[in-house]
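Residue numbers (the working numbering): 49 to 233.
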């Protein structure tokens, strides 16, 4: 859906007898055809919640505060628009506190060189691992004709993210629009 039509507001769906709830915080973002924008958000997502145990969301929400069973983020750069999603699985009694910590973590615009370099190495490493199998290669290269991307898409990705600076990611964080927040459980 086009970014201009992305919904607004929050929703809380209570499911009877559930102990765990899932928090989803969603931000409209670039589609895959906006190469530079999607490349920046891919790296930003890696820092926020896409590097597993060393990601900001995991460290802040789970490790430091023990609020969640899991906390991570993902970026889906679909077609002409995409979505950045942060998620956490929590007990109902800590939902508000967890949402506050997640929003604060996401809005932290201070990016260190070390954090950026780890994210870049992570993204390039993932490409290399995926390219080690026929299935991985098929997955990687099927997006090129699907979305009409340039044939050198991955070379451009590696080149572009290698030139990113912390302020590039900080700017993306500062430009995030108001998210949609959903709680289910």
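Think of the CB as a built atom: it goes at the ideal place given N, C-alpha and C, for glycine as much as any other residue.
Using a Cβ distance threshold of 7 Å, residue 225 and residue 157 do not count as a contacting pair.
Scanning its chain for C-beta atoms nearer than 7 Å, with the 5 sequence neighbours on each side dropped, one finds around residue 115 the residues 109, 138, 142, 145, 146, 149, in chain order. 208 is the residue among 124, 208, 228, 81 whose C-alpha sits nearest the C-alpha of residue 172. In this model, residue 203 and residue 197 are separated by some 12 Å (Cα to Cα). Here the C-alpha atom of residue 132 lies approximately 20 Å from the C-alpha atom of residue 166. Here residue 209 carries a helix assignment [DSSP, helix/strand/coil]. Under the criterion of beta carbons closer than 8 Å, residue 220 and residue 107 do not qualify as touching, at roughly 20 Å. Looking at the DSSP output, residue 157 sits in no beta bridge, so it has no partner there.
With a threshold of 16 other beta carbon atoms within 10 Å, residue 160 falls short and is exposed.
Between residue 140 and residue 186, the beta carbon gap of about 42 Å keeps them out of contact (Cβ cut-off 8 Å).
The beta carbon of residue 113 sits closer than 7 Å to those of 149, all from its chain and outside the five residues before and after it, given in chain order. Straight-line spacing of the CA atoms in residue 82 and residue 213 works out to 19 Å.
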